[in-house]
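Engineer: Chains as they are written, first to last, in my numbering: chain V, 84 to 546; chain D, 84 to 546. Glycine residues also receive a C-beta, built at the ideal position from the N, C-alpha and C atoms.
Protein chains: 2
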Amino acid sequence: LAAVLERVVGPAHVLVEPALITPYTVDWTRRWQGPAALVVRPATTDAVAAVIRLCADAGAGLVVQGGNTGLVGGGVPPRESGGRPIVLLSMRRLDDLSPVDEAAGQVTAGAGITLARLHEHLAEGATGWAFGVDLAARDSATIGGMAATNAGGIHVVRYGAMREQIAGVEAVLATGAVLTRLQGLTKDNTGFDLSGLLVGSEGTLGVITRVRLRLVPMRPVRVTALLGLNDTGQAVDLVSGLRREVPSLEATEIFYPDGLDLVCQHSGLGPPLARRFGAYLLIESAGPDEGVMEELAEFVFRLGLDDDASAVAAGGPGRMHLWAYRERHTEVVSALGVPHKLDVTLPLKRLAAFESAVRSRVAAVAPGAMVVIWGHLGDGNLHVNVIGPPPEDDTVDDAVLRLAAGMGGSISAEHGIGRAKVRWLSLNRSPAEIEAMRAIKTSLDPAGLLNPGVLLPPSAPTR
Amino acid sequence: LAAVLERVVGPAHVLVEPALITPYTVDWTRRWQGPAALVVRPATTDAVAAVIRLCADAGAGLVVQGGNTGLVGGGVPPRESGGRPIVLLSMRRLDDLSPVDEAAGQVTAGAGITLARLHEHLAEGATGWAFGVDLAARDSATIGGMAATNAGGIHVVRYGAMREQIAGVEAVLATGAVLTRLQGLTKDNTGFDLSGLLVGSEGTLGVITRVRLRLVPMRPVRVTALLGLNDTGQAVDLVSGLRREVPSLEATEIFYPDGLDLVCQHSGLGPPLARRFGAYLLIESAGPDEGVMEELAEFVFRLGLDDDASAVAAGGPGRMHLWAYRERHTEVVSALGVPHKLDVTLPLKRLAAFESAVRSRVAAVAPGAMVVIWGHLGDGNLHVNVIGPPPEDDTVDDAVLRLAAGMGGSISAEHGIGRAKVRWLSLNRSPAEIEAMRAIKTSLDPAGLLNPGVLLPPSAPTR
């Protein structure tokens, strides 16, 4: 197989030596890994189609990978593939990027373009258009991977997740057939939304090779506020009002004093506020002019917080400083061990109860484990990070996911199901839903070539 | 079959007499009609599931109908069903409506709720939340039908079409299995987006029984301006700037002097501006306060139009007056005959060329036919109405749809494919796409129970 693949992509882009393969077969958290027979790196859609056909002929399974920033093992090979060779298909070389279509407010990006590169491209173009999704892994995460997993991030409260930004995709199916929907027409009711179906299907239905992205107006004026609050309940109350009264709202990030302490110790940053609070809410507004500052400042003023309970920064270094308290949580947690990253959504009215219950639930099943929580509050999305239990022990995962589902929440807000959560899919999805998903999967990929073991449980659901 | 259905829904809700059935089997334009064996009107999801199972057992085909405001024949029976009895499933009795979830900004609506009833419900609740979709057929169009066809309307430029408003659906599949996704979680990456797939599938994959809708903040201050312009090209240039510079923009409707003359003759309205223009652009902004007026007024001022080239109205009667010029186009055209309603999207940069070419193309194939055009300019969406050719003659349809597709456009912007455009689906969708759609259809509805003849061509595409 390596030899025939080399004829398609060139010898430099078929990796077979273990030292070269390892960076692709271990995920960012180090929790998920598995062996690949080889890594193949095509640079064009036609080459992807050829690779898919050759792997199908050879009976291999294909694992598709973008920037390898996924957190549920969906982009790395399974630990065990039952003897079937696994080919890892790296999409990073599909890095074409069209000029911005200024009239439509759209751009076409290859699957391998990183989010940071896309933001740069838009800033360079100075066309007045920006991209509505941003997240901390921006330097590595690729547009293709973000589309395949329907990535969320910090601006969902204003612009929605990836699916909402996507006017269409180009993708290769398991048959090697190429679907192309890159015209970017705003309205196009000509049949099933295949692009929307591929988005979030985690590479199990097709390999996304290019994406037509809708852009949002550039909002040059940004203002950020960090609020010290008593607890999650107060933050939740505040967020509903914010969403209605501050239309320029772009971010509503929550974190807690234990996580903040770790960030300060690890990074050398001083505390952001003069005293310690039960919960911290980082909010950001963006707009065309200074009006957004007034809008946010007025809202904060009306809250009647104590003087030492808020810090506001407009623009540049001050903003980045406030954001650092939030964004550095990720690296701190990873430095402490191999985290169990549990990404859940709760209905807003249950979120405060969950945040308190989850700490005691984890303490009960994994005494001594460290729990660090942050999240995108306006979306009802908390990231529960647990450090301590061994990577292969999923007791904590089970406890946290069952708690979230039992409170009406989702076991995956934005990370997807991947390999990590397949076992618990039925907490959120009924047998009828899983059966419908399996029917669709089988109709498009009868041999189970694409991302075997990802998203869907291996056997038919029990009834 | 009628007898067993009566046991499910009661005798009053199984209609078999021709006089009672006719209103369901002829569409609003009178162009599309076909015979039904009976009409069944269940009131609950369970009853819908029972009806579907009974029809499957009886070998009948099911046609699903909401408010019967569709314009492509997708909600009325086929002219010819090859001897298979057709049951018309009317969804209007599924009219439950939940209280507004104020924290989440969401509401759950039964498929049979009309758009007008939903707007009323939100206004009555005075919760500060509104619904992002509006269209002229609001008094009859149902939420279920609008979801099934991914309806668009006048506010797509700000809020997107139905798919963007839908957090999840409840639907019954051809097996009678019920999929339920009404929790309204903002982020929920647990498998394929079945709700999004059902939206816009025109009843061919499942019957939508309930919809969880995302709401948008109520914007109480509205300002409307009618601009007299030279031509479509000038309007297109203006719209790109508007989208970027007026974030409160909600509508960008275009119409032309010939249509305006018909509206004035038919309705007795006087002309809206002191002289006649080549194209009319109706724009509307909405926001929380008077700021939107300034924003729009400033934009209009900067255009430097002549004094007699614009009319601005803020609020109430003045606004309704300006809107009447646009919204009455529909009824006027219908009063003149059975219109061929051709709903296309063009890339914005080709739209002016299309608008001019389509008039001469129609004149060439249907001399003497009347062409009335209006549209949602910001979406690149024009409604080309042709009056004159007999309903069954599709020469004009062929000419207009080929012209649009040939210029990179879509043959259906918001109406869907229905029965009217199946013949031309391949102008926009490749054999690979049609094959993928057919594979999905077959996987979920192998017997072709749901909406036979709608959306997909009857046989495999040629390769």
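Is it a yes or a no for the stretch 348–368 of chain V touching the stretch 402–410 of chain V, going by three-plus beta-carbon pairs under 8 Å?
Structural biologist: Cβ pair count under 8 Å is three or more, so yes.
Engineer: Check whether the Cβ of G251 (chain D) lies closer than 8 Å to any Cβ atom in chain V.
Structural biologist: So no, G251 (chain D) is outside the interface.
Engineer: Put G461 (chain V) into one of helix, strand or coil per three-state DSSP.
Structural biologist: Here G461 (chain V) sits in helix by DSSP.
Engineer: Using the beta-carbon of each residue, which ones in chain V are nearer than 8 Å to T428 (chain D)?
Structural biologist: Under the 8 Å cutoff, chain V gives L268, T269, K270, D271.
Engineer: What does I523 (chain D) reach in chain V if we use C-beta pairs closer than 7 Å?
Structural biologist: Simply F275, I523, S526.
Engineer: Cβ closer than 9 Å: which chain V residues qualify as neighbours of A244 (chain D)?
Structural biologist: Correct list: T269, K270, N272.
Engineer: With 16 as the cutoff for other CB atoms within 10 Å, does T545 (chain D) come out buried or exposed?
Structural biologist: Bear in mind that the predicted position of T545 (chain D) carries a pLDDT of just 41, short of 50, making it too unreliable to give a figure here.
Engineer: For A308 (chain D), which beta-bridge partners are listed by DSSP?
Structural biologist: Answer is D:I366, D:V395, bridged to A308 (chain D).
Engineer: Classify P514 (chain V) as helix, strand or coil using the three-state DSSP reduction.
Structural biologist: Reduced to three states, the DSSP call for P514 (chain V) is helix.
Engineer: Name the one or two DSSP bridge partners that S493 (chain D) has.
Structural biologist: Bridge partners of S493 (chain D): D:T428.
Engineer: DSSP three-state label for E333 (chain V), please.
Structural biologist: E333 (chain V) falls in the strand class under three-state DSSP.
Engineer: Tell me, to the nearest whole angstrom, how far the beta carbon of R444 (chain D) is from that of L510 (chain D); I am working on the premise that it is less than 8 Å.
Structural biologist: 15 Å between Cβ atoms; not a contact.
Engineer: Looking at R295 (chain D) and T210 (chain D), is the spacing between their C-beta atoms short of 8 Å?
Structural biologist: Result no, Cβ atoms of T210 (chain D) and R295 (chain D) do not sit closer than 8 Å.
Engineer: At the level of alpha carbons, what is the spacing between P400 (chain D) and V261 (chain V)?
Structural biologist: If you take the alpha carbons of P400 (chain D) and V261 (chain V), they lie about 53 Å apart.
Engineer: List, in chain order, every chain D residue whose beta-carbon is nearer than 7 Å to that of I135 (chain V).
Structural biologist: What I135 (chain V) touches in chain D: nothing, since even the nearest Cβ is about 13 Å away.
Engineer: State the start and end residues of the unbroken beta strand (DSSP E) segment that holds T225 (chain V).
Structural biologist: Element bounds for T225 (chain V): n/a, residue is neither H nor E.
Engineer: Does the distance from the CB of N464 (chain D) to the CB of E285 (chain D) come in under 8 Å?
Structural biologist: Against a cut-off of 8 Å, the Cβ pair of E285 (chain D) and N464 (chain D) comes out as no contact.
Engineer: Residues of chain V with a CB under 8 Å from the CB of I494 (chain D): which are they?
Structural biologist: The answer, in chain order, is T273.
Engineer: Pick helix, strand or coil for V134 (chain D), following the three-state DSSP scheme.
Structural biologist: Reduced to three states, the DSSP call for V134 (chain D) is helix.
Engineer: Please identify, using Cβ separations under 9 Å, the residues of the stretch 222–246 of chain V that lie next to chain D, in order along the chain.
Structural biologist: Hits within the stretch, in order: T232, N233, A234, G235, V239, V240, G243, A244, R246.
Engineer: Can you find a C-beta in chain D that's less than 8 Å from the C-beta of T263 (chain V)?
Structural biologist: Answer yes: the Cβ-Cβ gap between T263 (chain V) and chain D drops below 8 Å somewhere.
Engineer: Could you check what DSSP says for M403 (chain V) in three-state terms: helix, strand or coil?
Structural biologist: In the structure shown, M403 (chain V) sits in a helix (DSSP, three-state: H, G or I).
Engineer: Counting pairs of beta carbons, one from the stretch 421–432 of chain D and one from the stretch 470–489 of chain D, are three or more of them closer than 8 Å?
Structural biologist: Yes: the two stretches touch, three or more of their Cβ pairs being nearer than 8 Å.
Engineer: Measuring only between beta-carbons, confirm whether A186 (chain V) sits less than 8 Å from chain D.
Structural biologist: Yes, its Cβ sits closer than 8 Å to a Cβ of chain D.
Engineer: Starting from the beta carbon of R511 (chain D), find every residue of chain V whose beta carbon is closer than 7 Å, and list them in chain order.
Structural biologist: First, the residue type needs correcting, since residue 511 (chain D) is Asn and not Arg in the sequence shown. The contacting residues are T273.
Engineer: Is E253 (chain D) near T287 (chain D), with beta carbons less than 8 Å apart?
Structural biologist: In this structure, T287 (chain D) does not lie closer than 8 Å to E253 (chain D) by Cβ.
Engineer: Should D341 (chain V) be labelled buried (16 or more other beta-carbon atoms within 10 Å of its own) or exposed?
Structural biologist: Result: exposed.
Engineer: Which runs of the alpha helix (DSSP H) at least 4 residues long sit entirely within the stretch 127–184 of chain V? Give them in chain order.
Structural biologist: Listed in chain order, they are 128–141.
Engineer: Who are the neighbours of R326 (chain V) on chain D, taking C-beta pairs under 8 Å?
Structural biologist: In chain order: G188, P300.
Engineer: Note the first and the last residue of the continuous alpha helix (DSSP H) segment covering Q248 (chain D).
Structural biologist: Run containing Q248 (chain D): 245–248, per the alpha helix (DSSP H) assignment.
Engineer: Is there at least one Cβ from chain D nearer than 8 Å to A515 (chain V)'s Cβ?
Structural biologist: So, interface residue.
Engineer: Can you tell me which residues form a DSSP beta bridge with V252 (chain D)?
Structural biologist: Beta-bridge pairing links V252 (chain D) to D:V294.
Engineer: Taking 8 Å as the CB-CB limit, is I75 (chain D) close to chain V?
Structural biologist: As displayed, chain D neither begins before 84 nor continues past 546, which places residue 75 (chain D) out of reach and without an answer.
Engineer: Give me the Cβ distance between V155 (chain D) and R502 (chain D), rounded to the nearest whole Å; I'm assuming they're in contact under 8 Å.
Structural biologist: That belief holds up - the Cβ atoms of V155 (chain D) and R502 (chain D) are roughly 7 Å apart, short of 8 Å.
Engineer: What did DSSP end up calling G374 (chain V) once you bin it into helix, strand or coil?
Structural biologist: Here G374 (chain V) sits in helix by DSSP.
Engineer: Which residues mark the beginning and the end of the alpha helix (DSSP H) in which Q317 (chain D) is found?
Structural biologist: Here the alpha helix (DSSP H) through Q317 (chain D) covers 315–328.
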